[in-house]
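A short worksheet on the structure shown next.
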Amino acid sequence: MTQPVFFIGPRGCGKTTVGQALAQEQNWHFVDTDHWLQERAQMNVAEIVAKEGWEGFRARETQALQAVSATSTVVATGGGMVLAEANRRFMREAGLVIYLRAPAGVLAARLDAFPQAGQRPALTAKPPEEEIREVLAEREPLYCETAHYIVDAAQPLERIIADVQAALSQPASGALRLYS
Ligand SMILES: Nc1ncnc2c1ncn2[C@@H]1O[C@H](COP(=O)(O)OP(=O)(O)OP(=O)(O)O)[C@@H](O)[C@H]1O
Ligand SMILES: O=C(O)C1=C[C@@H](O)[C@@H](O)[C@H](O)C1
Ligand SMILES: [Mg+2]
C-alpha cells in the first residue's frame with residue numbers, strides 16, 4: 001500500500017493540474033480538497049466565505065483533508081492548507097508532502113489567465129499581483145516546513161511530473177530535498 005501524496009503550494013502553482021496527471025500515470029485516486037468541500041457544501045469558496053467567514057472555510061478545509069486522506073491517493077490541497085499547524089502535522093505524518101514552488105510572477109500570470117474567482121476570492125484588499133507576492137512571502141516558510149520535497153513548478157508539466165516521480169522513488173528521509 002502507498003501512503004497518500006499531498007501537494008501543497010500557493011494558488012496557481014499547479015497542485016490540481018499536477019496532482020491529476022500524477023494520479024492518472026500511477027493509477028492512483030485523485031482528490032482535491034477545494035473541490036471536495038465545495039461539492040459537499042453545495043457552495044463555492046466565495047459563497048462559503050461570505051456566509052461563514054474565512055474561519056468557517058478553514059474549518060471545512062481541515063475536515064476535508066482528514067476525510068480524503070487514504071492510501072494510493074493523490075491529494076491536491078488548497079493554497080492555505082498549511083496555515084493550520086494541525087494540518088501541517090497531519091500531512092507530514094500521514095503521507096509524503098510535495099511543495100510545488102513557483103515565483104510570484106509565474107503565479108500571477110497563470111491566475112490572470114484563469115482567475116476562477118468563485119474558488120479564489122481575494123485574500124486581502126491589495127491589487128492581485130501585490131497580494132500574490134505578500135501572501136507567498138508569508139507562507140513560504142510554512143510550505144518549506146511542511147514539505148518532504150520541493151519541486152520547481154515553473155517548468156512544463158512533463159518535467160514537473162518527472163521530478164515528482166524521481167522524488168517519490170527516493171527513500172523518505174528527514175531532510176528536505178529540492179528538485180529543480
Ligand atoms: N506547469 C504548468 N505550466 C503552465 N501552466 C500551468 C502549469 N501548471 C498549472 N498550470 C495552469 O495554471 C493554472 C492554475 O493551476 P492549478 O489550478 O492546477 O493550480 P492550483 O495550485 O491547484 O491552484 P489553487 O490553489 O487555486 O487550487 C491552470 O490554468 C493550469 O492549467
Ligand atoms: O490560498 C488560499 O488561502 C486559498 C487557496 C484556494 O485553493 C482555496 O482553498 C481558497 O480560495 C483559499
Ligand atoms: Mg487547485
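FYI, UniProt numbering numbers position 18 of the sequence shown as 18, with every residue one higher than the one before it. By construction, the Cβ of each residue, glycine as well, lies at the ideal position given by its N, Cα and C atoms.
* Pair every Cβ in the stretch 95-112 with every Cβ in the stretch 150-169, then say whether three or more of these pairs are closer than 8 angstroms. => A contact exists between the stretch 95-112 and the stretch 150-169.
* ligand 2 heavy atoms versus the CB of Pro-103: any closer than 7 angstroms? -> Exclusion of Pro-103 from the 7 angstroms shell around ligand 2 follows from its C-beta lying no nearer than that to any non-hydrogen atom of the ligand.
* To do: Check whether the Cβ of Ala-21 lies closer than 7 angstroms to any heavy atom of ligand 1, and answer yes or no.
  => Remark: the shortest separation between the CB of Ala-21 and any heavy atom of ligand 1 does not fall under 7 angstroms.
* Pro-171 classed as buried or exposed, judged by whether at least 16 other C-beta atoms fall within 10 angstroms -> Under this definition Pro-171 is an exposed residue.
* Closer than 7 angstroms: is that where the CB of Gly-56 sits relative to any heavy atom of ligand 2? -> Not under cutoff, so the answer is no.
* To do: Give every residue of the same chain whose Cβ lies closer than 6 angstroms to the Cβ of Ala-76, excluding the five residues on either side of it in the sequence, and list them in chain order.
  => Taking Ala-76 as the centre and dropping the five residues before and after it, the same chain places the C-beta of Phe-7, Lys-15, Thr-16, Gly-19 and Asp-32 closer than 6 angstroms to its C-beta, in chain order.
* For His-35, which three-state DSSP category applies? -> DSSP places His-35 in helix when its eight states are reduced to three.
* Less than 8 angstroms between the CB atoms is what I'm expecting for Gln-119 and Val-49, so what's the real figure, rounded? => Not a contact, Cβ separation roughly 11 angstroms.
* What is the DSSP secondary structure of Phe-6, reduced to helix, strand or coil? -> In this structure, Phe-6 counts as strand in the three-state DSSP scheme.
* Where does Thr-77 fall in DSSP's three states? -> Three-state result, Thr-77: coil.
* Continuous beta strand (DSSP E) assignments of at least 3 residues falling wholly in the stretch 103-137 -> Entirely contained in the stretch 103-137, not one beta strand (DSSP E) run reaches 3 residues.
* Asked: Are Leu-65 and Met-43 touching if we call contact CB-CB under 8 angstroms?
  -> With contacts defined by Cβ atoms closer than 8 angstroms, Leu-65 and Met-43 do not form a contacting pair.
* Asked: How is the beta strand (DSSP E) around Leu-178 delimited, first residue to last?
  -> Unbroken beta strand (DSSP E) run through Leu-178: 177-179.
* Using only the heavy atoms of ligand 1, determine whether one of them is closer than 7 angstroms to the beta carbon of Ile-98. => Taken from the Cβ of Ile-98, every heavy atom of ligand 1 lies 7 angstroms or farther away.
* Short Cβ contact (8 angstroms threshold) for Ala-113 with Glu-129 -> Going by C-beta atoms, Ala-113 is not nearer than 8 angstroms to Glu-129.
* **Closer than 7 angstroms: Ile-160 CB and nearest ligand 1 heavy atom** => Answer for Ile-160: yes, Cβ within range of ligand 1.
* Does ligand 4 have a heavy atom nearer than 7 angstroms to the CB of Phe-6? -> Here the bound small molecules are ligand 1, ligand 2 and ligand 3; ligand 4 is not part of this structure.
* To do: Please classify Arg-101: does DSSP put it in a helix, a strand, or coil?
  => In the structure shown, Arg-101 sits in a strand (DSSP, three-state: E or B).
* Asked: With 16 as the cutoff for other CB atoms within 10 Å, does Ala-147 come out buried or exposed?
  -> Per the 10 Å Cβ criterion, buried.
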